[in-house]
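Per my numbering, residue 894 is the first one in the sequence shown, and the count goes up by one each step.
Shown next, in structure tokens, is the structure this report addresses.
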Amino acid sequence: MSLEVKNLSKKYGEKTVLESLSFTMEKPGVYALLGTNGAGKTTSIRMMLGMLKKNSGEVLWNGKPLDTATCNVGYLAEERGLYPKYTLMDQLIYFAGLRGVSKSEAKKRIKYWAKRLEVEEYLYPNAQTEETKGKKGRKKAEKPKTADQLSKGNQQKLQFMTALISDPELLILDEPLSGLDPVNTDLFKNIIREEIAKGKYLIMSSHQMATVEEFCTDITILKHSKVVLQGNLNEIKKSYGRVNLALKVEQDITSYINTVGAEIITEKEYEYQIKVTGEEQANKLLSSLIQNNISIITFDLREPSLHEIFVEKVGGEAHETV
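Dropping the structure here:
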């Protein structure tokens, strides 16, 4: 299987919101679409799914136009997509049916994911626990829960379930960790890892660069609707070289850093983040510190992080979401 996006473009009148986006996924894994708000990420996803009409370009799945009616696609939208006043169970069964999952099979899958995502109490509010079984005076049966009774994080869990319930071949996640606390962030990450291990194709859009770096092998960074950087993440980082130095000592070493011509980015209690030109300059600083009997606690020379690369490429600009 493969996914190919060719010259995808979108305009609203004279305003271009996406210009000639192209990328290919030839094997399972995670592809990241990155950019500031309004750069065109969500617009790209909606056009790929046929939710938004494109001005030009095509999206191919196994060499044929991607059609969500025939391709098993799971989609977690950034916006809340649950009906607020309908019961959660009815909605999940309905969404599963739209993806061709029978009612009986949907119930089995809902039970599995309810436990996996730790939302059983909302989907099965009248289920007896081991403590209440056989006891008199059990609490009155509760009405089925509706979406508007859930927190933002739990709504996100239910929407993630709707994306997973058809066991999709292609899974598209738009800001999947938005609104989640650290515990549930780890829960989502574990499930994403499991989907990757199953050989799924995932497209992820996120502002959390550390998460993207954790999962994605290839990226596209958009700025003002245009691609400003694209390719394999490891190769991109290697192209920058090892120019970021984290250094922790027990005294002020500003003079030594200035002497070798390195740049101090941040400094806090003798912990320094330094920009160097490469290994030669870093080693020169290291030698100077050792010769002057400076106690070194940490000396870590590394490639730039995706966060640093992203900030460099987009210039820290932010725009309204499109």
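Every residue gets a Cβ at the ideal spot worked out from N, C-alpha and C, and that includes glycine.
As computed with DSSP, D1111 is found in a beta bridge with Y924 and N1125. Contact between the region 1148-1157 and the region 949-967 is absent, with fewer than three C-beta pairs closer than 8 Å. Under the 8 Å Cβ criterion, the region 1034-1049 does not count as touching the region 941-948, having fewer than three qualifying pairs.
CA-CA distance, S995 to A989, rounds to 7 Å. In the three-state reduction of the DSSP assignment, N1137 falls in the strand class, which pools E and B. For K1004, the secondary structure class from DSSP, reduced to helix, strand or coil, is helix.
The C-beta distance from K1093 to L1140 rounds to 41 Å, too long to meet the 8 Å contact threshold. Taken atom to atom, the span from the alpha-carbon of G931 to that of Q1049 is near 22 Å. Taking all protein chains in view, the Cβ of Y976 is surrounded by fewer than 16 other Cβ atoms within 10 Å, so the residue is classified as exposed.
Taken through DSSP and simplified to helix, strand or coil, S1071 comes out as coil.
Going by DSSP, R939 is part of no beta strand (DSSP E) but of the alpha helix (DSSP H) stretching over K934 to M941. Residues K899, N900, L901 and S902 of the same chain have their beta carbon placed closer than 6 Å to that of G950, with the five preceding and five following residues left out of the count. With a threshold of 16 other beta carbon atoms within 10 Å, V1076 falls short and is exposed.
If you draw a straight line from the Cα of E1201 to the Cα of E1156, it comes to about 15 Å. The alpha-carbon separation between L1051 and L896 amounts to approximately 27 Å. With respect to the C-alpha of G928, the residue from E1106, T1113 and L1138 having the closest C-alpha is T1113. 7 Å or more divides the Cβ of L926 from the Cβ of A1056.
Counting C-beta atoms within 10 angstroms of its own C-beta, Y1133 has fewer than 16 neighbours from the protein chains shown and is therefore classed as exposed. When C-beta atoms of the region 1114-1127 are compared with those of the region 1168-1179, fewer than three pairs fall below 8 Å, so the two segments do not count as touching. Every alpha helix (DSSP H) stretch that sits fully inside the region 1072-1107 and reaches 4 residues is listed by chain position as 1075-1090. In summary, A1020 is exposed, with fewer than 16 beta-carbon neighbours lying within 10 Å of its beta-carbon over all protein chains present.
For the region 940-1023, the full-length beta strand (DSSP E) segments reaching 3 residues or more read 949-954 and 966-969 along the chain. Taking 7 Å as the cut-off, the Cβ atoms of E1196 and R1135 count as close.
Counting along the chain, E897 sits inside the beta strand (DSSP E) bounded by residues L896 to Y905. One thing to note: L1066 has its Cβ no nearer than 7 Å to the Cβ of L1016. Counting of Cβ neighbours within 10 angstroms places Y1165 among the buried residues, the total reaching 16 or more.
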